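**Q** Questions regarding the structure given below will be posed in turn.
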Amino acid sequence: TDLKVSGIDFLKSKNCPEHHTDAYNIKNLVVRRGQPFELQVSLTRELKASDKLALRFGIGEKPMKTRGTLVSLNPRREPDLNGWKISVVKKSGKECLLSVTSSPSAPVGKYTLNVKTGANIYRPENSEVYLLFNPWCEGDVVFLDDDAQRKEYVLNDTGCIYVGSAYSIYSRPWNFGQFEEFVLDACMYLLDKSNLKLGGRRDPVSVSRAMSALVNANDDNGVLLGNWSGNYSDGTSPMDWIGSVSILQQYYKTKKPVLYGQCWVFAGVLTTVMRCLGVPSRCVTNFNSAHDTDENLRVDIYLNEYGQKLNSMSFDSVWNFHVWNDVWMKRKDLPSGFDGWQAIDATPQEPSQGVFQCGPCPLKAVREGDVYLPFDSKFVYAEVNADQVYWLVTEVNGKEKYTRLSTETRGIGVNISTKAVGQNKREDITLEYKFPEGSEKERESMQRACSFLRPSGMFPRSHYAAGEPTSVQLRPEALRETVTKTGLQIEITNKEALYPGNPLELAITVKTSAPGSWTINLAGSCQLQSYTGKVEANLGYVKETIKLEGKSEKQIPLTIAPEAYLKTLASVEDEVLILITAIAEVEGTSDKLTNEIAKRFDYPPITIQMPETAKLNKDFTCAFIFKNKLNMSLDNCKLVVEGLGLFKLTTFDQGNLQPGRIMKSEIICTPTRVGEQKIVAKLIATQVKGISAEKTITIT
């Protein structure tokens, strides 16, 4: 009789744990490339030596052997040319157990399986097998030889993203949720949408570059639309998201861009996509990130005589922070030595090869100054290495005059941060991006990079300053720290915690160290700015003349009343930072100095109350408590909570919360997975955007 197949068992409970894919919430078999998996084939009779049996894995619209999109595996024939292998593990009666190993460089995606016996073809139910990158396989270019790192960078579905400012860094919890329902399908949809040729799907370099383009909606109807305007009423404010899951689920359902994202949202979603596909990935925050420097490695900052930063004048900007991603892979397309972490960035800033995409760029190329290497290494280099030049803008006879105040060569690209492996701590990875400031190696790397970049003239590049250069043109190497002969220093501090609703008690300390009597003109200002460096409001300033003798110092207070900033706080939909800028000039010398510091507001905490442990499928209650300890009402309070493996994203509308009042919300949790699970909560009100909390529970 004819040999036919009567059924296939995908043996998910054996294959998935071995392939580290048992967490994916999907009916189908999910496996990683280059690693064996088993299939149990049931036949209508015993398999004989003369029988023809072939397992056929096809990818794409019309799978064909000649194109390499159809792999046909026969246990009795030579191994497949594409590097796939098959063998019979055991036969007993009509049952046949087969082992299949895909090539470690096989295209990643969704394969349809059918079994051919003679002229018969059997197509099983849920016949699609998902094939992912494999960081556990030495033959795969994404191989990562450290189990703790694989747990963090591939399997951890929660984490945090560092934001704030270089002087007040804080972590925002983020649920990556790469194993949740429809997330893997959304990633497969993006792979199809990328129009990558089959060869491109083998290669994490092409895949990560394509994903950096598809996570933003700029050219290709991708996942998220960026918006920095401050008006988000026709979508979700970027501040309101606490994870990637609802974004990717909505995108997969509607196939339309989700509104709205800013850098940490793009980076959070891109981490989810890369981890979901099996590429080790981490969110990276660069504090004082230089943008749009036009490859001249310089950012010009314009101040008026009160020390207030002028928004409108500059082409370029320094963001308080910018978040992108690192992905781990070998770079077979480059000379040796550039394997390991590569930067990719989904935030739409500048087109690269005509599309809003960025990377992968080897961290080693950035550090060594090899900025000719693909992709976008000049852009990434400038973000972490530009110099800041401060200009004083004054009006003389109705014309604007620009005076160079100082040059800061160490302020950009500081405290580069990511979540530490296996713990809720910040890891500083600045030294993976740059040599220690002031070291010989840093100087060599800078000179190497400058030989590939455009040298900059030393005149201001403002919209209005297209007139005469104010000083001779210098090569970039000539930009050096401002050295003063009086030993002038400025320190900016706050005397009290910066709670919204309270006065902001700030202080500027001026110091000299050289012998002599010095008269110093000080101007200091306080402004509110968004994280992209855009000034939202001028709050107040001080102008004083100080006399100092030799080694001495004087503290000048700068106090801002709540009335000065509360209106702006309520009208801006973004989280704002407090920017304090000071200019000091010593009379009778050429000593000029500027210092600026951005600080975030302080907030009362959200408390999460729940048991330490709970049992699988046994309900428990989780309570969220917030007491408004501020001297002002919080209006339109909204609490957003999510617990992967416990409960779906939920929003509680709480109305207005008067000072001293307590709000309490409760949710019933049903654990569907064992192990450590995390609950994330975020409070959003008209006046505050940045209050979040997280807590872990162990499910047994």
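Our numbering numbers the first residue of the sequence shown as 2 and each following residue consecutively.
The C-beta atom is built at its ideal place from N, Cα and C for all residues, glycine as well.
Everything numeric in this text was worked out from a predicted model, so none of it was measured.
Of all the beta strand (DSSP E) runs that stay within the bounds of the region 230-310, which reach a length of 3 or more residues?
**A** 259-262, 282-292 and 299-304
**Q** For the candidate residues P349, G439, C670 and Y500, whose alpha-carbon lies nearest to that of A615?
**A** Per the Cα distances, C670.
**Q** Under the three-state reduction of DSSP, which class applies to R57: helix, strand or coil?
**A** strand
**Q** Does DSSP put F453 in a helix, a strand or coil?
**A** helix
**Q** Could you tell me whether the region 366-376 touches the region 433-451, where touching means 3 or more Cβ pairs closer than 8 Å?
**A** yes
**Q** What first and last residue would you give for the beta strand (DSSP E) that runs through L432?
**A** No beta strand (DSSP E) holds L432; the alpha helix (DSSP H) holding it covers T431 to Y434.
**Q** Output needed for L529: all residues of its chain with C-beta closer than 8 Å, excluding positions within five of it in sequence on either side, in chain order.
**A** V536, E537, A538, L540, Y566, T569, L570, V573, V577, L578, I579 and L580
**Q** Since D148 is in the beta strand (DSSP E), which residue starts that stretch and which ends it?
**A** From DSSP, D148 is part of no beta strand (DSSP E) but of the alpha helix (DSSP H) over D148 to R151.
**Q** With distance defined between alpha-carbon atoms, name the residue in P437, K194 and G201 nearest to Y252.
**A** K194
**Q** Nearest-angstrom Cα distance between S497 and S337?
**A** It is worth fixing the name first, because residue 497 is Glu in this sequence and not Ser. Between E497 and S337, the C-alpha separation is close to 53 Å.
**Q** Less than 8 Å between the CB atoms is what I'm expecting for L133 and V31, so what's the real figure, rounded?
**A** 7 Å
**Q** Is it buried or exposed for S472, if we count other Cβ within 10 angstroms and need 16 for buried?
**A** Note on S472: pLDDT 34, under 50, position unreliable in the model; the coordinate value appears next. S472 is classed as exposed because its beta carbon has fewer than 16 other beta carbons within 10 Å across all chains shown.
**Q** With which residues is F627 paired in a DSSP beta bridge?
**A** I607 and M664
**Q** What is the DSSP secondary structure of Q448, reduced to helix, strand or coil?
**A** helix
**Q** For A167, which option in K426, N287 and A583 has the closest C-alpha, if you only look at C-alpha atoms?
**A** N287
**Q** On the premise that N637 lies in contact with N657, defined as a C-beta separation below 8 Å, what is that separation, rounded to the nearest angstrom?
**A** 7 Å
**Q** Rounded to whole angstroms, how far is the Cβ of I283 from the Cβ of Y382, which I believe are closer than 8 Å?
**A** The sequence given here places Arg at residue 283; Ile does not occur at that position. About 20 Å separates the two Cβ atoms, so there is no contact after all.
**Q** The beta strand (DSSP E) spanning Y171 covers which residue range?
**A** S169 to N176
**Q** For the 8 Å Cβ check, are there 3 or more pairs between the region 96-111 and the region 35-49?
**A** yes
**Q** Counting pairs of Cβ atoms below 8 Å between the region 648-657 and the region 595-610, do you hit three or more?
**A** Because the criterion of three Cβ pairs below 8 Å is not met, the region 648-657 and the region 595-610 do not touch.
**Q** Starting from G541 and walking both ways along the beta strand (DSSP E), at which residues does that stretch end?
**A** V536 to E550
**Q** Taking the beta strand (DSSP E) that G341 falls in, what are its first and last residues?
**A** G341 to I345
**Q** Can you give me the start and stop residues for the beta strand (DSSP E) that P558 sits inside?
**A** S553 to I561
**Q** Let me check one thing: in DSSP terms, what residues is Y403 bridge-paired to?
**A** V394
**Q** Using beta-carbon positions only, say whether N29 and Y131 come within less than 9 Å of one another.
**A** yes
**Q** Using a threshold of 9 Å, state whether the C-beta atoms of M611 and A624 are closer than that.
**A** yes
**Q** Are the CB atoms of V216 and V270 within a distance shorter than 9 Å?
**A** yes
**Q** Could you tell me if N222 is buried or exposed, where buried requires 16 or more neighbouring beta carbons within 10 angstroms of its beta carbon?
**A** Burial call: exposed.
**Q** Taking the alpha carbon of V224 as the reference point, which residue from S238, G262 and G231 has its own alpha carbon closest?
**A** G262
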